[in-house]
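In terms of UniProt numbering, the sequence shown opens at residue 1 and continues consecutively.
Note that beta-carbon positions come from the ideal geometry of N, C-alpha and C, so glycine has one too.
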Amino acid sequence: MPFDSQLQSNAKKNNIDVAWAFAIVRRESSFMPDAASHAGALGLMQVMPGTARYLAKKKSEKIAY
Numbered sequence: 001m002p003f004d005s006q007l008q009s010n011a012k013k014n015n016i017d018v019a020w021a022f023a024i025v026r027r028e029s030s031f032m033p034d035a036a037s038h039a040g041a042l043g044l045m046q047v048m049p050g051t052a053r054y055l056a057k058k059k060s061e062k063i064a065y
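Right, here's the structure in full:
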């Protein structure tokens, strides 16, 4: 399955159910990493850039769209 190891490790790291993470990615982007919505959401989970910046800052991590 696409992005299996990344989703598994990040779900575990963030205490998120792996099946839920896969369901979100499947529904939001159909596993297309370059997906972009008309509203401006980006990436596998279709996160808005402002939300991504906020969460990355909160967790002290780099943003990966």
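Do you know how far the Cα of residue j is from the Cα of residue i?
{"i": "Pro-49", "j": "Lys-57", "result": "12 Å"}
{"i": "Asp-34", "j": "Gln-46", "result": "10 Å"}
{"i": "Ser-9", "j": "Asn-15", "result": "10 Å"}
{"i": "Met-32", "j": "Ser-60", "result": "26 Å"}
How about residue i and residue j: do their beta carbons lie closer than 8 Å?
{"i": "Leu-7", "j": "Ala-21", "result": "yes"}
{"i": "Ala-11", "j": "Asp-4", "result": "no"}
Given a threshold of 16 other Cβ atoms within 10 Å of its Cβ, counted over all protein chains shown, does residue i qualify as buried or as exposed?
{"i": "residue 104", "result": "The chain is shown only over 1 to 65; residue 104 falls outside these bounds and no answer can be derived."}
{"i": "Ser-37", "result": "exposed"}
{"i": "Gly-43", "result": "buried"}
{"i": "Ser-30", "result": "exposed"}
Per DSSP, residue i forms a beta bridge with which residues?
{"i": "Leu-42", "result": "Ala-36 and Val-47"}
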